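Going down the list, the protein sequences come from chains A and B.
To get our numbering, take the position in the first sequence, counting from 1, and add 29.
To get our numbering, take the position in the second sequence, counting from 1, and add 27.
Since the structure comes first, as structure tokens, the remarks are kept for the end.
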Amino acid sequence: MELTERARLGDQRAIARLISLAENEEPEAGEALKLMYPHTGKAHLVGITGPPGSGKSTLVDKLAKELRKRQKTVGILAVDPTSPFTGGAILGDRVRMSDLNLDPGVYIRSMGTRGRLGGLAKATHFAAKILDACGFDYIFIETVGVGQSEVDIVKTADTTIVVTVPGLGDDIQAIKAGILEIGDIFVVNKADRDGANRVVIELEMMLELNPQKSQWDFPILMTVAPQNKGIAETVDRILKHYDYLLASGDLFRRRRDRIRTEIVDLVTQQLLARIVQKLEGEERFETELDRVFNKENDPYTLVQTILEETLR
Amino acid sequence: MTERRIRVLVAKPGLDGHDRGAKVIARALRDAGMEVIYTGLRQTPEQIATAAVQEDVDVVALSLLSGAHNHLFPKVVQLLKEKGMDDVLVVGGGVIPDSDIPFLKENGVSEIFTPGTPTSTVIEFIKNNVKKAVS
Numbered sequence: 030m031e032l033t034e035r036a037r038l039g040d041q042r043a044i045a046r047l048i049s050l051a052e053n054e055e056p057e058a059g060e061a062l063k064l065m066y067p068h069t070g071k072a073h074l075v076g077i078t079g080p081p082g083s084g085k086s087t088l089v090d091k092l093a094k095e096l097r098k099r100q101k102t103v104g105i106l107a108v109d110p111t112s113p114f115t116g117g118a119i120l121g122d123r124v125r126m127s128d129l130n131l132d133p134g135v136y137i138r139s140m141g142t143r144g145r146l147g148g149l150a151k152a153t154h155f156a157a158k159i160l161d162a163c164g165f166d167y168i169f170i171e172t173v174g175v176g177q178s179e180v181d182i183v184k185t186a187d188t189t190i191v192v193t194v195p196g197l198g199d200d201i202q203a204i205k206a207g208i209l210e211i212g213d214i215f216v217v218n219k220a221d222r223d224g225a226n227r228v229v230i231e232l233e234m235m236l237e238l239n240p241q242k243s244q245w246d247f248p249i250l251m252t253v254a255p256q257n258k259g260i261a262e263t264v265d266r267i268l269k270h271y272d273y274l275l276a277s278g279d280l281f282r283r284r285r286d287r288i289r290t291e292i293v294d295l296v297t298q299q300l301l302a303r304i305v306q307k308l309e310g311e312e313r314f315e316t317e318l319d320r321v322f323n324k325e326n327d328p329y330t331l332v333q334t335i336l337e338e339t340l341r
Numbered sequence: 028m029t030e031r032r033i034r035v036l037v038a039k040p041g042l043d044g045h046d047r048g049a050k051v052i053a054r055a056l057r058d059a060g061m062e063v064i065y066t067g068l069r070q071t072p073e074q075i076a077t078a079a080v081q082e083d084v085d086v087v088a089l090s091l092l093s094g095a096h097n098h099l100f101p102k103v104v105q106l107l108k109e110k111g112m113d114d115v116l117v118v119g120g121g122v123i124p125d126s127d128i129p130f131l132k133e134n135g136v137s138e139i140f141t142p143g144t145p146t147s148t149v150i151e152f153i154k155n156n157v158k159k160a161v162s
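Put into structure tokens, the structure is as follows:
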């Protein structure tokens, strides 16, 4: 396919088209991904997650610039929420990245979640694969502003950075389940504000309580992104984490697990789509619904029958 | 199968610092179910064209209040063409004298919306004129 070849040669228009195909679930996207897959696995995928307004976009902008100084190329996928009511979205992460725009070694793509609730769009994973196959050294994936349980990023990223800021709540927040469990690196951004040291101490306490012993030391870094404070250190830790993943074998384990998850997810989705499509088209389904409604059958028996018939 | 969405880049070329109008339009397009990529103030035509390419948008909506539209709008159109985006719909808005509109239309801007235009007019125009196959 010509489009994938052009994309792999660095043609940004071709890369952009491929991502759109994946977003719109066009059949060509599946073909393109098959061609791209053998070339994936070279990039370091870095997830950035944290609450709304914690400075994720500004941080990504600065981290990308630091990596560019080190002669690395950078792809950025920035996810913002889609309205569940209208399907529309305002994707505003580029506002913080406007001077990265003209750097040919950087590609930035904004994505709406389009109904996904885990902090990423359904196509973000595919978009990351496309950028990976197109040879970007680092791929930043910025999630939507998350609350406590949007953790899809770990299914895609090699290194996950959890960004927090002073003033969000007391120390019980730090021991709750959810996003704090997924961080490989913690960044306390806006660290020039009151309370930054306290957030660091709370995070340290939370990490000390972690029963899983690991060779990785889970760094907690303080940054003031607009002033470039702590940025070079954060990049150093990102690189160090990759070395750790390689040396410990975690990289291969994580990536293999991820492939498993992806395959199971895709099988589930496609099977689901097929079954639903089949049901919706069947007149008998309506009759069966009436039977359940009139208590002549129950939903659970009907589900069993449907599954047995479909999977036979 | 998800529905194909119209993607719109809302951009402010040039040096004026007023983006209320652009934000009103961005919000209205969002409510009409479009994905709006908002790039912020003081963008060069080159930045706008590059963002349009990377985001693979269907529409570029330019907002400008500084009076430099006769220079900046055609420049954006020209750069989009150079980058191979010949199927993108370009519209403009802002304080633009009627006498300048024919010139802008000759130079690739499909429509100009002046102050007081209802947002519904803009939405209708975009929906009816998007050039890529949007189903």
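Ideal Cβ positions, reconstructed from N, Cα and C, are used throughout, including at glycine.
Computed from a predicted structure; not experimentally measured.
Notebook entry, point to check: Under 8 Å between the Cβ atoms of Ala186 of chain A and Ile137 of chain A?
Noted result: Ala186 of chain A places its beta carbon 8 Å or farther from that of Ile137 of chain A.
Notebook entry, point to check: Counting along the chain, where does the alpha helix (DSSP H) carrying Asp279 of chain A start and finish?
Noted result: From DSSP, the alpha helix (DSSP H) with Asp279 of chain A extends over Asp279 to Glu309.
Item checked: Collapsed DSSP secondary structure at Ile230 of chain A in the structure displayed -> Note: Ile230 of chain A maps to helix in three-state DSSP.
Next item on the list: Give a yes or no on whether the C-beta atoms belonging to Phe100 of chain B and Asn156 of chain B are separated by under 8 Å.
Entry: At the C-beta level, Phe100 of chain B and Asn156 of chain B stay beyond 8 Å of one another.
Note to self: If contacts are defined as beta-carbon pairs under 8 Å, then Thr33 of chain A and Lys184 of chain A qualify, I think. What distance do you get, rounded to the angstrom?
What the structure shows: Taking the Cβ atoms as the reference, Thr33 of chain A lies roughly 24 Å from Lys184 of chain A, outside the contact range of under 8 Å.
Item checked: Close-in-space but distant-in-sequence residues of the same chain around Val191 of chain A (CB under 8 Å, 5 per side omitted) -> Within the same chain, Val191 of chain A has close Cβ partners Thr78, Gly79, Ile208, Leu209, Ile211, Gly212, Ile214, Phe215 and Val216.
Next item on the list: Just the C-alpha distance for Ser49 of chain A and Gly141 of chain A, rounded to the nearest angstrom, thanks.
Entry: Here the alpha carbon of Ser49 of chain A sits roughly 12 Å from the alpha carbon of Gly141 of chain A.
Note to self: Can you tell me whether Pro40 of chain B is buried or exposed? The criterion is at least 16 other CB atoms within 10 Å of its CB, across all chains shown.
What the structure shows: A residue is called buried once 16 or more other Cβ atoms fall within 10 Å of its Cβ, and Pro40 of chain B is buried on that count.
Notebook entry, point to check: Smallest Cα separation from Leu38 of chain A: which of A:Ile159, A:Ile335 and A:Ala51?
Noted result: It is A:Ile159.
Check: Does the beta-carbon distance from Ser137 of chain B to Val122 of chain B come in below 8 Å?
Finding: Taking 8 Å as the Cβ cut-off, Ser137 of chain B and Val122 of chain B do not qualify as a contacting pair.
Check: Where does Met112 of chain B fall in DSSP's three states?
Finding: Coil.
Margin query: Output needed for Ser139 of chain A: all residues of its chain with C-beta closer than 7 Å, excluding positions within five of it in sequence on either side, in chain order.
Written below: Around Ser139 of chain A: Ala107, Asp109, Leu120, Asp122 and Arg123.
Margin query: Going by the DSSP bridge assignment, what does His270 of chain A pair with across the sheet?
Written below: None; His270 of chain A has no bridge partner.
Check: Excluding five sequence neighbours on each side, which residues of the same chain lie with their C-beta closer than 8 Å to the C-beta of Tyr273 of chain A?
Finding: Counting only Cβ-Cβ distances below 8 Å, and skipping sequence neighbours, we find Gln244, Trp245 and Asp279.
Item checked: Reduced DSSP category for Pro40 of chain B - H, G, I as helix; E, B as strand; rest coil -> Look at Pro40 of chain B here: in three-state DSSP terms it is strand.
Margin query: Strictly below 9 Å CB to CB, what residues from chain B border Gln298 of chain A?
Written below: Listed by position along chain B, the residues whose Cβ is nearer than 9 Å to that of Gln298 of chain A form an empty set, because the closest Cβ is around 12 Å away.
Margin query: Taking contact to mean 3 or more Cβ pairs, one atom from each stretch, closer than 8 Å, check whether the stretch 97-112 of chain B and the stretch 55-73 of chain A are in contact.
Written below: No: the two stretches stay apart, fewer than three of their Cβ pairs being nearer than 8 Å.
Item checked: Which of helix, strand or coil DSSP assigns to Glu325 of chain A -> Of the three classes helix, strand and coil, the one that applies to Glu325 of chain A here is coil, per DSSP.
Check: Can you give the Cα-Cα distance for Glu262 of chain A and Leu197 of chain A, rounded to whole angstroms?
Finding: Whole-angstrom Cα-Cα distance: 24 Å.
Note to self: Excluding the 5 residues flanking Pro142 of chain B on each side, which residues of the same chain have their C-beta closer than 7 Å to its C-beta?
What the structure shows: Excluding positions up to five away in sequence, the list reads Val122.
Margin query: Taking only three categories from DSSP, how would you classify Phe114 of chain A?
Written below: Phe114 of chain A carries a coil assignment under DSSP once its states are collapsed to helix, strand and coil.
Notebook entry, point to check: Distance, Cα to Cα, Ala72 of chain A vs Ile75 of chain B?
Noted result: When only Cα atoms are considered, Ala72 of chain A and Ile75 of chain B end up about 28 Å apart.
Checklist line | Any C-beta of chain A under 8 Å from that of Thr29 of chain B | finding: Residue placement at Thr29 of chain B cannot be trusted, given a pLDDT of 48 that sits under 50; what the coordinates show is reported in the next sentence. A Cβ of chain A is located within less than 8 Å of the beta carbon of Thr29 of chain B.
Check: Got a sec? Which residues, its chain only, sit under 8 Å from Met28 of chain B by beta carbon, not counting five neighbours each side?
Finding: For Met28 of chain B, the pLDDT reaches just 40, beneath the cut-off of 50, and the residue's location in the model is therefore unreliable, although a value from the coordinates is still provided. Cβ within range, chain order: n/a, list empty.
Margin query: Between B:Ala53, B:Gln81 and B:Lys50, which has its C-alpha nearest Leu131 of chain A's C-alpha?
Written below: Selected option, being the one with the closest Cα: B:Gln81.
Note to self: Once the 5 residues before and after Glu62 of chain B are set aside, which same chain residues still bring their CB inside 8 Å of it?
What the structure shows: Around Glu62 of chain B: Arg32, Ile33, Arg34 and Val35.
Note to self: Between which residues of its own chain and Asp127 of chain B is the CB-CB distance below 7 Å, once the five residues before and five after are set aside?
What the structure shows: Hits under 7 Å: His96 and Asn97.
Next item on the list: Find the residues of chain A that neighbour Ile64 of chain B, judging by a C-beta separation of less than 7 Å, and give them in chain order.
Entry: Neighbours of Ile64 of chain B on chain A, chain order: Leu120, Arg123 and Ser139.
Check: Do Gly224 of chain A and Ile182 of chain A come within 8 Å of each other at the CB atom, strictly closer than that value?
Finding: No, the Cβ-Cβ distance between Ile182 of chain A and Gly224 of chain A is not below 8 Å.
Margin query: Tell me the rounded alpha-carbon separation between Gly104 of chain A and Ile44 of chain A.
Written below: Per the coordinates, the alpha-carbon of Gly104 of chain A lies some 11 Å from the alpha-carbon of Ile44 of chain A.
Notebook entry, point to check: Near Phe140 of chain B, which residues of its chain fall below 6 Å by C-beta distance, leaving aside the five closest residues on each side in sequence?
Noted result: Shown here for Phe140 of chain B: same chain residues with a beta carbon closer than 6 Å to its own, the five before and five after excluded, namely Gly120 and Val149 in chain order.
Notebook entry, point to check: Thinking C-beta only, is Val253 of chain A closer than 8 Å to Leu92 of chain A?
Noted result: For the pair Leu92 of chain A and Val253 of chain A, the CB atoms are not nearer than the 8 Å cut-off.
Next item on the list: Compute the distance between the beta-carbons of Val51 of chain B and Thr146 of chain B, then report whether it is under 8 Å.
Entry: A contact, by the Cβ cut-off of 8 Å.
Next item on the list: Would you mind giving the Cβ-Cβ distance between Ala157 of chain A and Leu74 of chain A, rounded to the nearest angstrom? I have them listed as a contact below 8 Å.
Entry: Confirmed, about 6 Å.
Note to self: Going by C-alpha to C-alpha distance, which of B:Val84, B:Pro124, B:Ala78 and B:Gly67 sits closest to Asp46 of chain B?
What the structure shows: The shortest C-alpha separation from Asp46 of chain B is found at B:Gly67.
Item checked: With 16 other Cβ atoms within 10 Å as the buried cut-off, status of Asp161 of chain A -> Result: buried.
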